[in-house]
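Chains as they are written, first to last, in the working numbering: chain A, 3 to 114; chain B, 191 to 304. Notes to accompany the following structure.
Here you go:
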């Protein structure tokens, strides 16, 4: 059974810093991995989706990488802004599966 | 236009009551889901429907019954509510389960059982 772990659980950085959020998973037989953002009291917003055949995806200041063999993904945020403060969740979709398995998230605070 | 909308957003109810949460998606997707986020913020799937057919039913009490009247709707009915049912319930949808598709989530329904 897939397990997804995100470390650290919380992270606080000053504005302008580049940062990396980590995600690890136990079963490398995945179709894809998705990074989400969750704001307090809000739903989840999809940030980036990486197919199993891809190594990375980029969107604006965000870059997500995937290393299936080692069961790891990272989300890189460049030049962080206070508006980036949120909880970031990664989730894997298993081979032949309809469902996502989520990590518990990393709560990011960007201090002005 | 909201892609995945769910109502109500907030619901406070007493133990033992029966309540429903409705979900609609206007994305033309084939697959819809219900996820539960507990007090520890852990998101877990409850149900998934593909073209109105149940395809995932995780270990969820029988008191929870999903109903999909059509492809665009997946409602969640909960009987005999218990304190432990208090959580945020998220509806989501995606195109057919092909690997390439992003899952879109609604904004959540905050259920509090008192």
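Beta carbons: idealized from backbone N, C-alpha and C, even for Gly.
In the structure shown, the three-state DSSP call for residue 271(B) is coil. Around the beta-carbon of residue 22(A), fewer than 16 other beta-carbon atoms lie within 10 Å, marking it exposed. DSSP, read as helix, strand or coil, puts residue 86(A) in helix. Per DSSP, reduced to three states, the secondary structure at residue 253(B) is coil, with no helix or strand assignment. By a beta-carbon distance limit of 8 Å, residue 51(A) contacts residue 36(A). Their separation comes to about 5 Å. The beta-carbon of residue 44(A) is placed less than 8 Å from the nearest beta-carbon of chain B. Among the CB atoms of chain B, none fall inside 8 Å of the CB of residue 27(A). Per the C-alpha coordinates, the member of 237(B), 243(B), 277(B) positioned closest to residue 249(B) is 237(B). Its chain contains 201, 275, 276, 277, 279 as the residues whose beta carbon lies nearer than 7 Å to that of residue 301(B), once the 5 sequence neighbours on both sides are disregarded; these appear in chain order. DSSP places residue 16(A) in the uninterrupted beta strand (DSSP E) bounded by 12-16. Contact annotation: residue 216(B) and residue 262(B) have beta-carbon atoms nearer than 8 Å. Two segments are said to touch when three or more pairs of C-beta atoms, one from each, lie closer than 8 Å; by this definition the stretch 23-32 of chain A touches the stretch 64-81 of chain A. For the pair residue 264(B) and residue 258(B), the CB atoms are nearer than the 8 Å cut-off. With fewer than 16 other Cβ atoms from the protein chains shown falling within 10 Å of its own Cβ, residue 304(B) counts as exposed.
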